[in-house]
Amino acid sequence: MKPGFSVGAVTRFYVPLLFQAFSQSLTYPLVAGVVTHGVHGVNALTAFSQGLMIMFMIGAIGGGLVTTGMVFARTWFGYVSFRRLNTLMMSALLVLQCVPAISPFNRWLFEGFFALSPELAEIARWTLVGGVVMNGLFFLRNVPMVVLFNNYESGKANVATIVRIIVTLALSVVLPRMGLVGPAWGLFALTAGVAVETFLTFVYARPFVAKLPNCPGPNGSSSEAAHPSIISLTWEQFRFTMPLSLGGFLLMLSPLIIAAFVGRSANAADMLAIHYVTLGVANPVAYAALRMQTVSIQFPAEYEGDRRLLVYAIVAGAALGVVPLVFSTSLLGNWYFGVYQNVPPRILGTARLAIFIYSFICIIHAVRGRIEGIAAFRKCPSAIMCGQIAYTTGLFATCAVLLPLGLPGWLIAVSAIFIAPICTTIAVYFRIAR
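Start counting the sequence shown at 74; every next residue gets the next number (the numbering used here).
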């Protein structure tokens, strides 16, 4: 039985999700210390990040799978059909991920669109190819993650993620001391952590799979996979996922759009460096705020006009904003950006200013996550897709307007990242109201 809304019940479910999202995103700035101390310095982080962005953009085509599983995979038939859908989409998308690394697409993308030098373009290319293993692990993790969320066991999913971040942190400390630095070793540290997390998530979810309604038991599980109900459910889930996937793909285009505009601003190398090192702090808290979508699915409104979760989302977003605020201080900001991330002194103050501005964005993302969760609970994926289209459109329009005005590249990025989620929230509200 689902627990009713209370601050305690929501907090017990949300806090593990918060730390999970925060720690998952935290692994990327952790390995930045490995990447930036290689031959190409902080510029290697730009190429490394752009290779990962292409990987995440392709993976985002399956970004609606977890939401689909939370809605459908609550019985054995729903679980098996979801597992099949996840496997099929994983196989197709991992093949697709290798296509941009093939000549001449790699030159068109990295040297043409991103305007990288040939050396940095090669780093981005091999990061994309090497990321196939990590992206495959992300897809495999979807299945047990959905099972844990549906059983209100977000804490166990969080434990697996904490182990992941410990492994990544340990490698981020050990590898530089052994002289193993650069993008390849940074990717190795990320992948090793994800592998451990995926394994633990499967271990934690296994007992709950056996308790799913209609579970045929060990002797009937293989034959049930061909049951007509499962085949039809797989198709139904695919149709539910595709609007979410299209919107997720557009959403993941956003960093590429920003990079394309910032890369054409004045002093582009420094502007891109500021953009990526500050996103390393801003993204974890933004993703943590967006986990309000999962909370909204598990704690739907109990009566007409129930706004208690909206108030909770606003308060939680304000609390999360303290994290980037702390990184804007001279004590922590100068060490993190100047020492650990190897940011040159000439742009250190600008990086701290940018992360200070990002501290106000968490409330927007928390409110956005809540309304997207309502849309998913009502099985209205088109509303989420409309919101993500609005996100991409708002972000592109902001960049297109500000670049000709001669604004610094980092300010263009910050402005676009602020305006885009506001557009999303308005679009989803409007679509649901209709």
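Where a beta carbon is used, it is the ideal one built from N, C-alpha and C, also for glycine.
*Fully enclosed by the stretch 192 to 262, which alpha helix (DSSP H) runs are 4 residues long or longer?*
227 to 250
*Would the stretch 420 to 427 and the stretch 345 to 364 be scored as touching if the rule is three or more Cβ pairs under 8 angstroms?*
yes
*Start and end residues, alpha helix (DSSP H) containing Asp343*: 341 to 363
*Specify whether the stretch 225 to 245 and the stretch 262 to 276 touch according to this definition: at least 3 beta carbon pairs, one from each stretch, less than 8 angstroms apart.*
yes
*What's the gap between the Cα of Thr498 and the Cα of Gly446?*
12 angstroms
_Does Gly336 come out as helix, strand or coil in the three-state DSSP assignment?_
coil
*Give the single residue among Ile434, Gly411, Ser455, Arg507 whose Cα lies nearest to the Cα of His110.*
Gly411
*Reference Met143; option with closest CA among Phe155, Gly132, Gln170, Pro477*: Phe155
_Ala493 versus Leu169 - alpha carbon distance_ = 27 angstroms
*Starting from the C-beta of Leu91, find all residues in its chain whose C-beta is less than 7 angstroms away, skip the five residues before and the five after it, and write them out in chain order.*
Ala361, Arg364
*If we ignore side chains and look at the alpha-carbon of each, how far apart do Phe211 and Thr271 end up?*
8 angstroms
*Mark Ile304 as exposed unless 16 or more other C-beta atoms lie within 10 angstroms of its C-beta, in which case mark it buried.*
exposed
*Please name the residue in Thr274, Phe313, Met128, Gly422 whose C-alpha comes closest to that of Ile457.*
Phe313
*7 angstroms CB neighbourhood of Pro329 in its chain, flanking five on each side removed*: Checking the sequence, you will find Leu at residue 329 rather than Pro. Closer than 7 angstroms at the Cβ level, and outside the excluded window around Leu329, lie Met126, Met130.
*Given a cut-off of 8 angstroms, decide if Gly114 and Pro249 are closer than it, judged by their beta-carbon atoms.*
no
*Rank Pro173, Thr119, Tyr464 by C-alpha distance to the C-alpha of Ile495 and give the top, closest one.*
Tyr464
_contact_flag[the stretch 433 to 447, the stretch 414 to 425] where n(CB pairs < 8 angstroms) is 3 or more_ = no
*Output the distance between the C-alpha atoms of Phe275 and Arg214, rounded to the nearest integer angstrom.*
8 angstroms
*Closest to Ala489 by CA distance: which of Val474, Pro217, Ala346, Leu468 is it?*
Leu468
_Which of helix, strand or coil DSSP assigns to Gln414_ = coil
*asked:* Using only the alpha-carbon positions, how far apart do Ile387 and Ile434 sit?
replied: 11 angstroms
*Three-state secondary structure (DSSP) at Arg380?*
coil
*By DSSP, does Ile127 sit in helix, in strand, or in coil?*
helix
*According to the Cβ coordinates, are Leu71 and Thr119 closer than 8 angstroms?*
Residue 71 is absent from the model: the chain starts at 74 and stops at 507.
*What three-state label does DSSP hand Gly446 in the structure shown?*
helix
*Around the C-beta of Pro280, are 16 or more other C-beta atoms found within 10 angstroms, so that it is buried, or is it exposed?*
exposed
_Alpha carbon of Thr402 to alpha carbon of Val487, nearest angstrom_ = 18 angstroms
*First through last residue of the alpha helix (DSSP H) which encompasses Trp483*: 482 to 506
_Tell me which residue opens and which closes the alpha helix (DSSP H) that Ala133 is part of._
Careful: Ala133 lies outside any alpha helix (DSSP H) and carries neither H nor E.
*For Phe86 versus Ser245, is the C-beta spacing smaller than 8 angstroms?*
no
_Could you give the first and the last residue of the continuous alpha helix (DSSP H) run that contains Trp149?_
149 to 171
_My assumption, with CB atoms under 8 angstroms, is that Val269 sits in contact with Val236. Please give the rounded CB distance._
6 angstroms
*Classify Ile420 as helix, strand or coil using the three-state DSSP reduction.*
helix
*Any idea if Asn159 is buried or exposed, counting beta-carbon neighbours within 10 angstroms, 16 or more meaning buried?*
buried
_Do Ala94 and Phe186 have their beta-carbon atoms positioned less than 8 angstroms apart in this structure?_
no
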